[in-house]
Amino acid sequence: MRCNICGCYEFLDMNSRKSVRCKKCGSLERTRLLWLYLQRLEISKNTRILHLAPERGLYDRIKTLTDKSNYVVADINPKAYSFAPECKKIDLCDLEDWPSFEFDLIIHSHVLEHVPCNIAYTLFHLHRMLSNNGTHLCIIPFMPGKYDECFQDIGDHERIRRFGQNDHVRRFGSDDIHAHLGKLLKLPSKFDATEDFSPKTLIEANIPENHWRGFHIGTVLSLKRQDMVLL
Ligand SMILES: [Zn+2]
1 MRCNICGCYE FLDMNSRKSV RCKKCGSLER TRLLWLYLQR LEISKNTRIL
51 HLAPERGLYD RIKTLTDKSN YVVADINPKA YSFAPECKKI DLCDLEDWPS
101 FEFDLIIHSH VLEHVPCNIA YTLFHLHRML SNNGTHLCII PFMPGKYDEC
151 FQDIGDHERI RRFGQNDHVR RFGSDDIHAH LGKLLKLPSK FDATEDFSPK
201 TLIEANIPEN HWRGFHIGTV LSLKRQDMVL L
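Given below as structure tokens:
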């Protein structure tokens with residue numbers, strides 16, 4: 001097994017998940033699955049990309065695919081990305097000033113559970129920023145149970161209990177995905193990575209079988225601009 005992003009053969013444990021974190025680029029099983037889906041897109045030097053909270057391994061690969069001026073990386077805390085000194089500040093709760101039709105591809109993974117405002121606002125504006133044929137490629141962590149959210153000061157312990165981490169403001173539930181996010185976005189009825197990649201490809205990239213199917217922490221969503229129902 002080999003990291004399909006950086007080529008490293010060594011993997012470290014990630015909490016209870018054994019041998020999933022690439023020793024060299026830090027990719028996780030979901031990052032490597034996201035890269036498989038990214039490689040299916042026709043990215044050229046003209047492709048305008050917005051990459052939120054950029055992963056280091058993906059950043060190194062994407063910047064070789066598109067023109068530097070077309071690759072925007074951004075986060076609420078740009079200083080956290082020393083490998084990307086050009087990282088811009090973006091506040092996903094304050095997007096009105098970002099132009100419409102600006103990006104052919106918007107990428108993010110495990111970002112939306114951190115965003116402390118109405119998630120419909122953020123999703124509406126991200127889709128508004130996409131070009132007509134643009135793609136929103138993202139991983140939204142779905143956890144067992146139903147959607148839950150809290151903006152009150154409930155403390156770390158309660159936040160970890162309800163949302164899985166002390167800086168999460170919500171959990172996306174796999175049980176009511178179509179009653180919640182499905183009211184905003186035209187979502188697929190199911191996710192099965194083996195319809196897109198062979199088991200051999202997935203195993204070679206050290207993407208374990210528990211990431212292949214269903215709505216879970218590594219499900220890759222590939223959405224078009226018009227999949228946002230409010231637009
Ligand atoms: Zn790697």
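Mapping of the sequence shown onto full-length UniProt numbering: position 190 corresponds to residue 190, and the numbering continues sequentially without gaps. By construction, the Cβ of each residue, glycine as well, lies at the ideal position given by its N, Cα and C atoms. Just so we're clear, the structure is a prediction, and the values are computed from it rather than from any experiment.
| request: Keeping to the same chain, check which residues put their C-beta closer than 8 Å to that of R21; ignore five residues upstream and five downstream. | output: Excluding residues within five positions, the ones whose Cβ falls inside 8 Å are F11, L12, D13, M14, S27 and L28.
| task | Taking the CB atoms as reference points, tell me whether L181 and F172 lie closer together than 9 Å. | result | Going by C-beta atoms, L181 is nearer than 9 Å to F172.
| Test item, CB below 6 Å from any non-hydrogen atom of ligand 1 | The answer, residue by residue, is C3, I5, C6, C8, C22, K24, C25, S27 and G57.
| request: Look up K200 in the DSSP assignment and say whether it is helix, strand or coil. | output: Here K200 carries a helix assignment [DSSP, helix/strand/coil].
| query | Is it right to say S189 is buried, meaning 16 or more other beta carbons lie within 10 angstroms of its own, or is it exposed? | reply | Counting Cβ neighbours within 10 Å, S189 comes out exposed, since fewer than 16 surround it.
| request: Just mark R32 as buried or exposed, buried being the case when its beta carbon has 16 or more other beta carbons within 10 Å. | output: When all chains shown are included, R32 counts as buried.
| field | Option nearest I43 by Cα separation, candidates P78, E96, P85 and I106 | value | Selected option, being the one with the closest Cα: I106.
| Rounded to a whole number of angstroms, what is the C-alpha to C-alpha distance between P85 and K79? | The alpha-carbon separation between P85 and K79 amounts to approximately 8 Å.
| request: Give a yes or no on whether the C-beta atoms belonging to S222 and L126 are separated by under 9 Å. | output: Their beta carbons are not under 9 Å apart, which means S222 does not touch L126 by this criterion.
| message | On the CB-based measure, 16 or more other CB atoms within 10 Å of its CB, does E113 come out buried or exposed? | response | Taking every protein chain shown into account, the CB of E113 has 16 or more other CB atoms within 10 angstroms, so this residue is buried.
| request: Quick one: measure Cβ to Cβ for L4 and A205, integer angstroms, because I've assumed they're closer than 8 Å. | output: Position check: residue 4 holds Asn in this sequence, whereas Leu was assumed. About 4 Å; that satisfies the 8 Å criterion.
| said: Using the three-state DSSP reduction, which class does A74 fall into: helix, strand or coil? | reply: In this structure, A74 counts as strand in the three-state DSSP scheme.
| query | In three-state terms, what does DSSP make of G173? | reply | When DSSP states are grouped into helix, strand and coil, G173 belongs to the strand group.
| query | Between the C-alpha atoms of R159 and D176, what's the straight-line distance to the nearest angstrom? | reply | For the pair R159 and D176, the Cα-to-Cα distance works out to about 20 Å.
| said: Just to check my reading of the structure: L36 and F191 have Cβ atoms closer than 8 Å, yes? What is that Cβ distance to the nearest angstrom? | reply: 13 Å between Cβ atoms; not a contact.
| Under three-state DSSP, which class holds H51? | Here H51 sits in strand by DSSP.
| Going by Cα to Cα distance, which pick from T47, F151 and V115 is closest to S69? | Minimum Cα distance to S69 is reached at T47.
| said: Can you list, in chain order, the residues of its chain with a C-beta nearer than 6 Å to that of C93? Leave out the 5 residues immediately preceding and following it. | reply: Correct list, in chain order: C117.
| Cα-Cα, which of K89, K88, I49 and R61 is closest to Y71? | The residue from K89, K88, I49 and R61 with its alpha-carbon nearest to that of Y71 is I49.
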